[in-house]
Each structure stands twice: as C-alpha cells, then as structure tokens.
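Take 10 as the starting number for the sequence shown in the numbering used here and just add one per residue.
I have placed the structure first, in the form of structure tokens, so that the comments after it can refer back to it.
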Amino acid sequence: MVKIRLSRFGATHNPHYRIVVTDSRRPRDGGYIENLGHYDPRKTTETYLKVNAERAAYWLSVGAQPTQTARRLLKSQGVKVA
10 MVKIRLSRFG
20 ATHNPHYRIV
30 VTDSRRPRDG
40 GYIENLGHYD
50 PRKTTETYLK
60 VNAERAAYWL
70 SVGAQPTQTA
80 RRLLKSQGVK
90 VA
C-alpha cells in the first residue's frame, strides 16, 4: 500500500520531517516515491510547514493513505482528505 507519512531528518534533538509518499513496507527513513514538503515541529521559522497541495491531492486521488499526523498536516494546508 502507498502511504503519505513523515520521514525524519535533521540533527539529534533537532527534528525535521519530510512529508513523503512511500510504500508502507519501506523503513521510516528509507527511500520514497515523492517528496511532498517538509515540517519543522519546533516551529523555528515562519515556513515551518510547506506542502505541495496539488501533488498531495493527486496521490490521495489514486489511493494513497495518509498517517494520522500527515492527515492533520495536510488538512491544515487546505488539502481535502477523505
């Protein structure tokens, strides 16, 4: 199954996440199909959340399942999540 989920990057005690489309069998930080944006949970900059809404809507339309956190972030950016 294809999922939209967060992939961690960044230094120790300084988490940053990529919002990615990936196969559910891949490891959390493994390879991904497409990068949809990024998220900084510490909100250290004004652009702590950036999502390519068009591509996210496309992946949702072809059946990609977002995780709970990814769903919350997509909704906050105005992406229609069923």
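Glycine residues also receive a C-beta, built at the ideal position from the N, C-alpha and C atoms.
Quantities reported herein were computed from a predicted structural model and do not represent experimental measurements.
Residue nearest to D38 in terms of C-alpha spacing, selected from A66, R27, A91: R27
Minimum length 3: unbroken beta strand (DSSP E) runs contained in the stretch 41–90: 43–48, 58–60
Spatial neighbours of S16 in its chain, beta-carbon cut-off 7 Å, leaving aside the 5 residues before and after: Y26, R27, V29, R37, D38, Y41
CA-to-CA distance, R51 to A20, given in whole angstroms: 13 Å
With 16 other Cβ atoms within 10 Å as the buried cut-off, status of T31: buried
Per DSSP, cross-strand counterpart(s) of R17: Y26
Exposed unless 16 or more other CB atoms sit within 10 angstroms - verdict on R81: exposed
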